[in-house]
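Asks:
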Amino acid sequence: MWHEKKIIMRKILLTVTVALMTVAGAHAQTQTSWGLKGGVNLAKYTKLQEAKNNTGFYVTGFADFALSPQFSIQPGLSLQGKGAKSDFKDADDNFKNTINVMSIEVPVNAVYYIPAGTGNVFIGAGPYIGFNVSGKVKTKGQEGGISIDEKNNIKFSGDEKDMNRIDAGANFLLGYKLENGLLINGGYNLGLTNLVPHATDKVSNRVLSFGIGFQF
């Protein structure tokens, strides 16, 4: 599992590095613009029993390096709220878990623009690497006939860590850009690394996002 994880990480980091070098080499011949977007995340984890979407938010700043009128490379810096919700019920227990994780991500997306109406439809994809910086688990309900209402911080380091610090995967984008720079965004975040140390089954992020932004 660790060997597989290292291979995935190396591939993602290599892809990001090559993309950034390409951007740097072409920068002198490109038009550069900047953007800011934000919105709502609907997040959950794979392999989590009875997983439900946890509502969070995202804020992303990005640069747009236009290599042609229809094609751009967009590196960025993003604050992402992720996590999941799950319910557990049986004869003795009835409680809910809510996992909230805040992550700083560095995406590098290739974006293609298709003229449509007074603006452009855009589609894009690319890798990201993320760093989980804080997290909390909230548990509320009944366990063994006893009421529980707990909040525990998630550990990202040490021998007894609850979650790995590093996350990486792929982004997929779809949206519409108006002539004035207004953006309507949709996206999907596909985590490819295992978030839980020593887990038998890989647990990864799955995040659907919606939002608006502006490019200037």
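Everything in the sequence shown is counted per my numbering, starting at 343 for the first residue and increasing by one. Glycine is no exception: its CB is placed at the ideal position from the N, C-alpha and C atoms. Computed from a predicted model, the values in this text were never measured in an experiment.
(1) What does a CB cutoff of less than 6 angstroms around residue 492 pick up in its chain, not counting 5 residues either side in sequence?
(2) By DSSP, does residue 506 sit in helix, in strand, or in coil?
(3) Quick check: what's the CA-CA separation for residue 544 versus residue 469?
(4) Give the straight-line distance between the Cα atoms of residue 528 and residue 541, rounded to the nearest whole angstrom.
(5) What residues match up with residue 440 in a beta bridge as DSSP calls it?
(6) Indicate the three-state DSSP secondary structure (helix, strand or coil) for residue 498 in the structure shown.
(7) Pull up the distance between the alpha-carbon of residue 500 and that of residue 409, whole angstroms please.
(8) Considering only the beta carbon of each residue, do residue 434 and residue 486 sit closer than 7 angstroms?
(9) Roughly how many angstroms separate the alpha carbons of residue 515 and residue 437, rounded to a whole number?
(10) Output needed for residue 537: all residues of its chain with C-beta closer than 6 angstroms, excluding positions within five of it in sequence on either side, in chain order.
(11) Would you list the residues sitting across from residue 449 in a DSSP beta bridge?
(12) Please name the residue, chosen from 477, 503, 483 and 508, that lies closest to residue 495 on a Cα-to-Cα basis.
(13) Using alpha carbons as the reference points, say which of 403, 430, 488 and 407 lies closest to residue 447.
(14) Compute the distance between the beta-carbons of residue 511 and residue 533, then report whether it is under 7 angstroms.
(15) Which whole-angstrom value is the C-beta distance of residue 385 and residue 395, which I expect to be below 8 angstroms?
(16) Under the three-state reduction of DSSP, which class applies to residue 411: helix, strand or coil?
(17) Taking 7 angstroms as the limit between beta carbons, can you name the residues of its chain near residue 550, skipping five residues before and five after?
(18) State the DSSP-derived secondary structure class of residue 521, mapped to helix, strand or coil.
(19) Hey, residue 422 and residue 472 are a contact pair by Cβ (cut 8 angstroms); roughly how many whole angstroms apart?
(20) Taking the C-alpha atoms as reference points, what is the distance between residue 368 and residue 413?
(21) Taking just the CA atoms, how far does residue 449 sit from residue 419?
Replies: Taking the structure as given:
(1) Scanning its chain for C-beta atoms nearer than 6 angstroms, with the 5 sequence neighbours on each side dropped, one finds around residue 492 the residues 481, in chain order.
(2) Coil at residue 506, not helix or strand.
(3) About 19 angstroms.
(4) Straight-line Cα distance between these residues: approximately 31 angstroms.
(5) Paired residue(s): 427 and 480.
(6) Three-state DSSP puts residue 498 in coil, outside helix and strand.
(7) About 44 angstroms.
(8) Yes, the pair counts as a contact, with Cβ atoms nearer than the cut-off.
(9) The alpha-carbon atoms of residue 515 and residue 437 are separated by roughly 36 angstroms.
(10) These residues qualify, in order along the chain: 505, 506 and 545.
(11) According to DSSP, which records beta bridges pairwise, residue 449 is partnered with 470.
(12) Looking from the CA of residue 495, the closest CA among 477, 503, 483 and 508 belongs to 477.
(13) Residue 403 holds the alpha-carbon nearest to the alpha-carbon of residue 447 among 403, 430, 488 and 407.
(14) Against a cut-off of 7 angstroms, the Cβ pair of residue 533 and residue 511 comes out as a contact.
(15) The Cβ separation is near 6 angstroms, so the contact holds.
(16) Look at residue 411 here: in three-state DSSP terms it is coil, with no helix or strand label.
(17) Counting only Cβ-Cβ distances below 7 angstroms, and skipping sequence neighbours, we find 384 and 530.
(18) Correct three-state label for residue 521: coil.
(19) Under the criterion of beta carbons closer than 8 angstroms, residue 422 and residue 472 qualify as touching, at roughly 7 angstroms.
(20) Residue confidence is low: residue 368 scores 49 on pLDDT, short of 50, so the model does not pin down where it sits. Its coordinate-derived value is still stated next. Distance between the alpha carbons of residue 368 and residue 413: 13 angstroms.
(21) Going by C-alpha positions, residue 419 is about 7 angstroms away from residue 449.
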